[in-house]
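K.L.:
Per our numbering, residue 26 is the first one in the sequence shown, and the count goes up by one each step. All C-beta atoms in this analysis are idealised placements derived from N, C-alpha and C, irrespective of residue type, glycine included.
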Amino acid sequence: MARGRSRYTRPQWDGLSQRITLAEKQEIWKLAGYTPHAAQLEVHSAPERFKILSCGRRWGKTEGIMAYEGLPVAVLGGWWWHVAPDYATGSILFDKLVSIFTDTPLKGLVSNIREGEGSQRIVLRSGGVIWVKTSYHERRLRGRGLDFVSFDEAGQEPRGEPWTQALRPALADRRGGAILGSTPKGWNWFKDVWDRGDLANPDRAKDHRSFCFPSATNPYLKRSELAAAKRDATQMEWEQEWLAMFLANSGTVFRNYLEAMREKLGEWTKPGRFVIGMDVARHMDYTAIWVLEAGTLTTVDVDWFQDLDTFMMQERLYRMMDKWPGAVALIDGTNDEGFVDLCIRDRPDLTIEGLKFTGTNKRQLVNQLSKDIESGDFVLPASDSLLVRSETETVEIGKLIKREFGAFQYSKTAAGNIKMEAAAGFHDDLVTSAVLAREAAASMAPTELSDPRAKRAEPEENFEGQFTHKEAGGAAVSILTRPTVGVGIGRRVKRFSG
């Protein structure tokens with residue numbers, strides 16, 4: 026078709042993918058030479074508008090379900106986008122469709138086939154058009170109204186924006202349908218979408234239907250191959266790649282974080298020694314303030330906000346410190362542009378310190394928090410915890426914490442070094458504030474944890490690295506810098522090389 030033509034003729038009905046009956050699909054499949062196996066037929070037969078598949082390897086998701094769910098839509102004049110994380114993955118379905126439209130009785134429907142990286146398109150005489158796209162450039166997925174979308178290996182896409190901000194809105198005006206399929210990859214945005222269609226979910230969206238099919242439900246996959254795969258894979262790889270299980274701890278730094286989410290915010294009433302970790306927002310990030318009872322490592326309060334100037338960020342910190350009297354605050358001072366010094370100067374009655382992260386000390390501190398969470402020693406807020414800011418604004422902070430801790434992952438640099446960071450598209454503000462609070466708690470002298478009324482001493486240094494300082498009108502604070510960590514809190518604490 027001529028390059029200058031950007032419009033195609035197509036029927037002006039809506040909900041095309043839901044209007045096509047199973048019998049009509051089967052007529053087209055017969056021409057294409059397709060016979061689904063039992064599990065595939067279950068998906069094809071489901072009437073829901075949005076179908077979400079968690080499938081094991083070699084199950085028949087791409088060249089089976091996606092190809093033959095979208096095919097009837099295009100044959101009957103609809104616009105179908107097939108989206109994949111990269112060109113190579115998208116080409117799997119495109120090559121299948123080219124074979125269908127050149128080697129079967131459906132070849133008479135073709136008006137034009139355009140091949141080539143970045144431009145894979147099949148135009149049909151019915152007005153139907155099939156495009157193959159990648160999700161890498163989310164902006165390039167905007168603009169057109171669509172009748173059908175298939176999103177292959179959606180779970181491998183680290184960001185949910187291609188679906189939530191581009192593909193899902195493109196289906197709105199024509200009430201288009203979609204199928205999202207993937208082998209799982211941890212607990213990410215794809216798991217959230219899958220949950221919306223889970224039949225076991227009492228809050229299931231009625232137009233969503235989710236499926237989970239292990240590789241073994243493909244009758245054409247030899248049992249001997251499955252046995253060999255199980256023998257060669259780790260337990261985690263077997264469960265995720267072949268059993269299609271969503272593993273909350275897959276690749277994540279914080280194993281067992283879900284079990285650690287057991288303290289309802291706003292319900293702490295016992296006395297204690299409180300410490301605060303604060304991650305200060307930069308650019309598009311959020312500011313997070315984490316309050317911990319130092320003796321039990323129990324999270325008792327959290328604040329989380331965005332788009333506030335320096336003065337307002339200070340006020341939120343002071344408000345939290347006044348709420349928990351005697352609290353020690355440890356702020357990320359890596360790139361603070363004077364924020365820590367400003368807080369110390371403005372509120373000399375409060376104990377506020379800064380910590381500059383390095384690659385080494387941050388890895389050590391994150392590892393310590395990870396160990397505490399895995400052992401059950403560090404208590405996170407319950408998943409249903411709410412952050413009530415006003416009568417009209419409530420933040421589901423428990424869900425945000427669950428998402429951040431689940432998306433904080435190990436990754437490997439080009440040089441082969443291991444990094445710990447938030448997955449692409451996710452923030453780590455809450456994680457960082459928790460790390461800081463944990464370090465503040467660990468740096469307290471043991472006597473301070475056992476007796477919050479301990480008397481202040483004049484500043485003096487002992488041989489174990491303990492530094493005790495006095496501030497007028499405040500509670501006593503002893504800060505212990507541990508050589509095993511090799512960092513100090515603030516400018517007033519001796520730094521050990523460790």
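(1) What residue ranges within the region 299-363 form continuous alpha helix (DSSP H) runs of no fewer than 4 residues, ordered along the chain?
(2) Roughly how many angstroms lie between the CA atoms of residue 225 and residue 337, to the nearest whole one?
(3) Determine, using beta-carbon pairs with one atom in the region 90-109 and one in the region 203-210, whether at least three such pairs fall under 8 Å.
(4) Measure the alpha-carbon distance for residue 333 versus residue 366 and round it to whole angstroms.
(5) Where does residue 373 fall in DSSP's three states?
(6) Put residue 117 into one of helix, strand or coil per three-state DSSP.
(7) Buried or exposed for residue 392, please, with buried defined as at least 16 other CB atoms from any protein chain shown within 10 angstroms of its CB.
(8) When you compare the region 185-194 with the region 138-150, are there three or more beta-carbon pairs, one atom per stretch, that lie closer than 8 Å?
(9) Whole angstroms is fine: what's the gap from residue 120's alpha carbon to residue 158's?
(10) Any idea what DSSP makes of residue 85, helix, strand or coil?
(11) Flag this pair as touching only if the region 405-419 and the region 145-154 have three or more C-beta atom pairs under 8 Å; answer yes or no.
(12) From residue 397 to residue 453, what distance separates their C-alpha atoms?
(13) I'd like the span of the alpha helix (DSSP H) that includes residue 385, first residue to last.
(14) Thinking just about the alpha-carbon of each residue, which of 293, 178, 253 and 282 is nearest to the one in residue 216?
(15) Please state the DSSP three-state secondary structure of residue 200.
(16) What does residue 419 pair with, by DSSP beta-bridge criteria?
(17) Grouping DSSP H, G and I as helix and E and B as strand, with all else coil, what is residue 107?
(18) Which residue from 117, 409, 228 and 49 puts its Cα closest to that of residue 145?
(19) Relative to the alpha-carbon of residue 233, which residue among 102, 305 and 220 has its alpha-carbon at the smallest distance?
(20) Sorted by chain position, which residues of the same chain lie with C-beta nearer than 8 Å to residue 434's C-beta, five sequence neighbours on each side aside?
(21) Tell me the rounded alpha-carbon separation between residue 432 and residue 127.
(22) Looking at the secondary structure, which residues open and close the beta strand (DSSP E) in which residue 56 lies?
(23) Which residue's Cα is closest to the Cα of residue 169: 147, 130, 134 and 105?
(24) Does residue 447 come out as helix, strand or coil in the three-state DSSP assignment?
(25) Give me the Cα-Cα distance between residue 300 and residue 155, rounded to the nearest whole angstrom.
(26) What's the gap between the Cα of residue 378 and the Cα of residue 222?
(27) Going by beta-carbon coordinates alone, are residue 79 and residue 304 separated by less than 8 Å?
(28) With C-beta atoms as the reference, is residue 240 less than 8 Å away from residue 214?
(29) Using the Cα positions of residue 362 and residue 408, report the straight-line distance between them to the nearest angstrom.
(30) Determine whether the beta carbon atoms of residue 131 and residue 57 lie at a separation below 8 Å.
(31) Compare the Cα-Cα distances from residue 59 to each of 97, 182, 314 and 262 and report the closest residue.
(32) Identify every residue that forms a DSSP beta bridge with residue 93.
(33) Could you spell out the range, first to last residue, of the beta strand (DSSP E) harbouring residue 136?
(34) Following the continuous alpha helix (DSSP H) through residue 457, name the residue where it begins and the one where it ends.
(35) So, with DSSP's three-state summary, where would you put residue 69?
P.N.:
The answer reads as follows:
(1) With a minimum length of 4 residues, the continuous alpha helix (DSSP H) runs that stay inside the region 299-363 are 335-348.
(2) Against the sequence shown, residue 225 aligns to sequence position 200. Against the sequence shown, residue 337 aligns to sequence position 312. When only Cα atoms are considered, residue 225 and residue 337 end up about 44 Å apart.
(3) In the pairwise beta carbon analysis, the region 90-109 is classified as touching the region 203-210: at least three pairs are separated by under 8 Å.
(4) One-based indexing of the sequence shown puts residue 333 at position 308. One-based indexing of the sequence shown puts residue 366 at position 341. Pairing residue 333 with residue 366, the inter-Cα distance amounts to about 18 Å.
(5) The residue given as residue 373 occupies position 348 in the sequence shown. Residue 373: coil per DSSP, three-state reduction.
(6) Locating residue 117 in the sequence shown gives position 92, where the first residue counts as 1. Residue state, collapsed to three classes: helix.
(7) Start at 1 with the first residue of the sequence shown, and residue 392 comes out as number 367. Around the C-beta of residue 392, fewer than 16 other C-beta atoms lie within 10 Å, and the residue is accordingly described as exposed.
(8) No contact exists between the region 185-194 and the region 138-150.
(9) The count along the sequence shown starts at 1 and reaches residue 120 at position 95. The count along the sequence shown starts at 1 and reaches residue 158 at position 133. Going from the Cα of residue 120 to the Cα of residue 158 covers about 14 Å.
(10) Start at 1 with the first residue of the sequence shown, and residue 85 comes out as number 60. In this structure, DSSP gives residue 85 a state outside helix and strand, which the three-state scheme calls coil.
(11) Fewer than three beta-carbon pairs drawn from the region 405-419 and the region 145-154 are found closer than 8 Å, and the two stretches are therefore not classed as touching.
(12) Your numbering for residue 397 matches position 372 in the sequence shown. Your numbering for residue 453 matches position 428 in the sequence shown. Residue 397 and residue 453 have their C-alpha atoms roughly 18 Å apart.
(13) The count along the sequence shown starts at 1 and reaches residue 385 at position 360. For residue 385, the enclosing alpha helix (DSSP H) starts and ends at 384-400.
(14) As a position in the sequence shown, residue 216 is number 191, starting the count at 1. Looking at 293, 178, 253 and 282, the one whose alpha-carbon comes closest to that of residue 216 is 178.
(15) As a working note, residue 200 is residue 175 in the sequence shown. In the three-state DSSP reduction, residue 200 falls in the coil class, being neither helix nor strand.
(16) Residue 419 sits at position 394 when you count from the first residue of the sequence shown. Residue 419 pairs with 413.
(17) Taking the first residue of the sequence shown as position 1, residue 107 is located at position 82. Three-state result, residue 107: strand.
(18) In the sequence shown, counting from the first residue as 1, residue 145 sits at position 120. Out of 117, 409, 228 and 49, 117 has the C-alpha closest to the C-alpha of residue 145.
(19) Within the sequence shown, the letter at position 208 stands for residue 233. Comparing Cα positions, the closest option is 220.
(20) The sequence position of residue 434 within the sequence shown is 409, counting from 1. Result list for residue 434: 211, 276, 277, 278, 445, 446, 447 and 448, in chain order.
(21) Your numbering for residue 432 matches position 407 in the sequence shown. Your numbering for residue 127 matches position 102 in the sequence shown. Separation of residue 432 and residue 127 (C-alpha to C-alpha, rounded to the nearest whole angstrom) is 44 Å.
(22) Locating residue 56 in the sequence shown gives position 31, where the first residue counts as 1. Looking at the DSSP string, residue 56 is not in any beta strand (DSSP E); the run it does join, the alpha helix (DSSP H), is 47-57.
(23) What you label residue 169 is simply residue 144 of the sequence shown in a count that begins at 1. Nearest C-alpha to residue 169: 105.
(24) Sequence index remark: in the sequence shown, residue 447 carries index 422 (1-based). Strand at residue 447.
(25) Translated into the one-based positions of the sequence shown, residue 300 becomes position 275. Translated into the one-based positions of the sequence shown, residue 155 becomes position 130. The alpha-carbon atoms of residue 300 and residue 155 are separated by roughly 57 Å.
(26) Counting from 1 along the sequence shown, the entry for residue 378 is found at position 353. Counting from 1 along the sequence shown, the entry for residue 222 is found at position 197. Counting only the Cα atoms, residue 222 lies some 47 Å from residue 378.
(27) As a working mapping, residue 79 is identified with position 54 in the sequence shown. As a working mapping, residue 304 is identified with position 279 in the sequence shown. Taking 8 Å as the cut-off, the beta carbon of residue 79 is found no closer than this to the beta carbon of residue 304.
(28) The residue labelled residue 240 in the question sits at position 215 within the sequence shown. The residue labelled residue 214 in the question sits at position 189 within the sequence shown. No, the pair does not count as a contact, with Cβ atoms beyond the cut-off.
(29) Your numbering for residue 362 matches position 337 in the sequence shown. Your numbering for residue 408 matches position 383 in the sequence shown. Rounded to whole angstroms, the gap between the alpha carbons of residue 362 and residue 408 is 34 Å.
(30) Taking the first residue of the sequence shown as 1, we reach residue 131 at position 106. Taking the first residue of the sequence shown as 1, we reach residue 57 at position 32. The answer is yes: Cβ separation under 8 Å.
(31) Residue mapping note: residue 59 aligns to position 34 of the sequence shown, counting from 1. Here the closest residue by C-alpha is 97.
(32) The residue labelled residue 93 in the question sits at position 68 within the sequence shown. BP columns for residue 93 are empty, so no partner.
(33) To locate residue 136, count along the sequence shown from 1; it is residue 111. Going by DSSP, residue 136 is part of the beta strand (DSSP E) stretching over 135-139.
(34) Residue mapping note: residue 457 aligns to position 432 of the sequence shown, counting from 1. Taken as a continuous stretch (DSSP letters only), the alpha helix (DSSP H) holding residue 457 covers 454-467.
(35) Along the sequence shown, one-based indexing puts residue 69 at 44. Judged by DSSP in its simplified three-state form, residue 69 adopts helix.
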